[in-house]
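Scroll down for the structure; my scribbles are underneath it.
Protein chains: 2
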Amino acid sequence: MARVVVDVMLKPEILDPQGQAIAGACERLGFSGVREVRQGKRFEVELEGEADDAALSEVRRMAETLLANPVIEDFSLHVE
Amino acid sequence: MARVVVDVMLKPEILDPQGQAIAGACERLGFSGVREVRQGKRFEVELEGEADDAALSEVRRMAETLLANPVIEDFSLHVE
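In the order they appear, the protein sequences are chains A and B. Under this note's numbering, think of the first position of the first sequence as 0, with each following residue one higher. Under this note's numbering, think of the first position of the second sequence as 0, with each following residue one higher.
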């Protein structure tokens with residue numbers, strides 16, 4: 000059993016109003032030194048078997064088609 | 000300038016219907032070998048200065064009060 004983590008973030012050129020709202024809230028709440036916040040998603044995928052090459056390419060295909068919208072989002076995956 | 004990543008996940012004992020829906024969709028879409036999926040949030044916080052101890056404890060305080068709900072969520076942070 001292995002865990003693969005898929006991180007999905009908006010592409011850098013896509014505006015992130017949610018992140019901007021958080022950055023604004025940080026300032027109002029007195030957290031200084033924050034330049035920018037971007038919010039994304041984190042998926043923890045537990046596999047039945049090992050995280051071998053076949054399983055990882057399956058998770059990558061899953062990320063491309065189900066977890067991320069490749070028009071506006073980038074994703075990365077790593078085994079944990 | 001440094002980037003601190005805050006990962007926020009539901010505590011293990013809290014049900015995650017969103018993750019369950021994704022796991023169900025994986026199966027229907029033909030992705031085999033997925034045992035469980037849990038969905039959380041990922042925040043990328045860009046700091047004005049370095050990610051020294053003071054800045055990290057500030058981000059930790061921010062995560063506790065603004066980014067995560069400590070009643071139902073756990074968070075972890077790391078410098079990227």
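In this text, a Cβ means the ideal position worked out from N, Cα and C, and glycines have one as well.
Proximity test, Cβ basis, 8 angstroms: residue i and chain B
i, result
"residue 6 (chain A)", "yes"
"residue 14 (chain A)", "no"
"residue 20 (chain A)", "no"
"residue 41 (chain A)", "yes"
"residue 57 (chain A)", "yes"
"residue 9 (chain A)", "no"
"residue 74 (chain A)", "no"
"residue 70 (chain A)", "no"
Residue-level contact to chain A via CB, residue i, 8 angstroms cutoff
i, result
"residue 50 (chain B)", "no"
"residue 24 (chain B)", "yes"
"residue 54 (chain B)", "yes"
"residue 79 (chain B)", "no"
"residue 63 (chain B)", "no"
Alpha-carbon to alpha-carbon, residue j and residue i
i, j, result
"residue 76 (chain A)", "residue 59 (chain A)", "8 angstroms"
"residue 63 (chain A)", "residue 33 (chain A)", "31 angstroms"
"residue 55 (chain B)", "residue 78 (chain B)", "9 angstroms"
"residue 36 (chain B)", "residue 7 (chain B)", "15 angstroms"
"residue 29 (chain B)", "residue 18 (chain B)", "17 angstroms"
"residue 72 (chain B)", "residue 25 (chain B)", "25 angstroms"
"residue 74 (chain B)", "residue 38 (chain A)", "14 angstroms"
"residue 15 (chain A)", "residue 68 (chain A)", "15 angstroms"
"residue 46 (chain B)", "residue 27 (chain A)", "16 angstroms"
Range of the contiguous alpha helix (DSSP H) that encloses residue i
i, result
"residue 57 (chain B)", "52–61"
"residue 20 (chain A)", "16–27"
Boundaries of the beta strand (DSSP E) in which residue i is found, first to last residue
i, result
"residue 39 (chain B)", "33–46"
"residue 1 (chain B)", "1–9"
"residue 78 (chain A)", "72–78"
Is there contact here, the segment 2–12 of chain A with the segment 38–46 of chain A, by at least three beta-carbon pairs under 8 angstroms?
yes
Taking 8 angstroms as the threshold, find out whether the segment 8–24 of chain B comes into contact with the segment 46–53 of chain B through three or more Cβ pairs.
no
Chain A contacts from the segment 27–41 of chain B (Cβ-Cβ distance under 9 angstroms)
28, 30, 31, 32, 33, 34, 35, 36, 37, 38, 39, 40, 41
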